Each structure stands twice: as structure tokens, then as C-alpha cells.
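Report on one structure; see the data block that follows.
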Amino acid sequence: GPFGSKISARFFADEGIPVIRGSNLRDDLTRFVPEGFVFVSEERAQAYVPQHVRGGDLVFTCWGTIGQVGIVPDNGPYKSYIISNKQLKLRVDRRIAHPLFCYYYYSSPRYVEHLRRHVAHTRADAIADIRAAFTAETDDVRVIGRSIARTLAIALALVLVPFLCVWWLATVASSWLAAPGHGAVAG
């Protein structure tokens, strides 16, 4: 998120672009809490373009409760948001993995425990540690995603191949076999 006093209460407005803070994230598999926002003006938001998030982006708390993660809803009350200076974002490459899969992965007790064991308590260390964990864990997500895709392809083949064989026998083969000179024995 924006660091230092770049985003602070003195810039909050009554309306504009909502700021995602820790109160919008949970550590209990609640995907997102779309209430209690503070706002910055549209003009001020232009200073925070790298901190803009949109539907499907994951947001993590890097200062505060370890394990808080949310997924910005695709059909939420706002088109875009800004993350506060205590959050990090992850924009999932949808060609590699589905954002919801990544959300559940990073929300899992296993991953949260991994963070609790490996993340230092200072903000700078936490950011570095979380980014390093993302790099390592993203490789895991990519491998898991490919494994799921292969499993689904195999399952589809196991269903589709017998279906196609039955269809072929019922339509193409039966027509072919019934045609003169293709295996039908004259009686």
C-alpha cells in the first residue's frame, strides 16, 4: 500500500474512492466486508494508482492481524478501491490460477500458520517476508492449479471417451455396418 503518511485521515472525504482497511478483511474465511469504508477524493486517488484494486484482487494485511485476507468482489458496491498503507495486494494472473482458488489457499489454516511462523513483527520485515512467501507459494499455486487442470482433463476424458464410443457405435458404426458390403452377412 502507500507508505508513510501519503494516505492519512487528513485526506479522507465523504465520498469518492473507498479505502480498504483491516476492518474490511477477516481471518475467518469471510471473503470481504463491504462496509465501514473511508474515502479519498477521485483527484487524491490519482496519487495512489499503484494501490488501486479491483474485482478479483486479493488484499492482505501486512501490519496488524496476521492472516487477514480478502478478495475484492467482482460485483461489489464499488468499481475500484484503494488499499491502505497497512495492506498489500495480489493481482492473480487468471491464465494461471483463479482468484478464488488463491483466496482460499492464502486463507487456509496451513498458509496462515506458515505466515505466523515466518513473518517478523516489524512492518518492513513483514512486507519482505510476505512478498518472499508469495513468490514461493505462487509457485505452489501454479503447480496445484496445473494438477487440478490435469485431473479435470482426465476426469472429463473418462466420462467423454465412453460416451463418444457409445455414440459412435449407435450412429456411425451401426450405419456403416448396415450398408451393403460392410460386414453385413447375407442370409
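In my numbering, each residue carries its 1-based index in the sequence shown increased by 21.
All C-beta atoms, glycine included, are put in the ideal place defined by N, C-alpha and C.
All values reported here derive from a predicted model rather than from experimental measurement.
Counting only residues of its own chain and dropping the five nearest sequence neighbours on each side, Q108 has a CB closer than 7 Å to the CB of G22, I41, V80, F81, T82 and C83. Burial state of P71 is exposed, judged by a 10 Å Cβ sphere holding fewer than 16 other Cβ atoms.
Ranked by how close their Cα comes to the Cα of T86, the residues Y127, R131, P130 and L46 have L46 in first place.
Three or more Cβ pairs closer than 8 Å define a contact, and the region 59-73 falls short of that threshold against the region 115-135. A66 is not bridged by DSSP to any residue.
Remark: C-beta atoms of D35 and F60 approach each other more closely than 8 Å. In the displayed model, F60 falls within a strand according to three-state DSSP.
Excluding residues up to 5 positions away in sequence, P55 lie with their Cβ nearer than 6 Å to the Cβ of P98 in the same chain. The alpha-carbon separation between A30 and S44 amounts to approximately 15 Å. Contact between R52 and Y102 fails: their C-beta atoms lie close to 14 Å from each other, not under 8 Å. For V133, the uninterrupted alpha helix (DSSP H) run begins and ends at P130 to H139, by DSSP. Restricted to the region 33-107, the alpha helix (DSSP H) segments that are unbroken, complete and at least 4 residues in length are 63-66, listed in chain order.
Beta-bridge pairing by DSSP links L109 to F81. Taking the Cα positions, H139 is about 16 Å away from S128. Exclusion of the five residues before and after I104 leaves G22, I41, Q72, V74, V80 and K110 as the residues of its chain whose Cβ lies within less than 7 Å of its Cβ. The alpha-carbon of D114 is positioned some 14 Å away from that of I92. Distance between F58 and R116, taken at the CA atoms: about 31 Å.
Secondary structure at A118: coil, using DSSP grouped into helix, strand and coil.
Residue burial annotation: P120 is buried, with at least 16 other C-beta atoms found within 10 angstroms of its C-beta.
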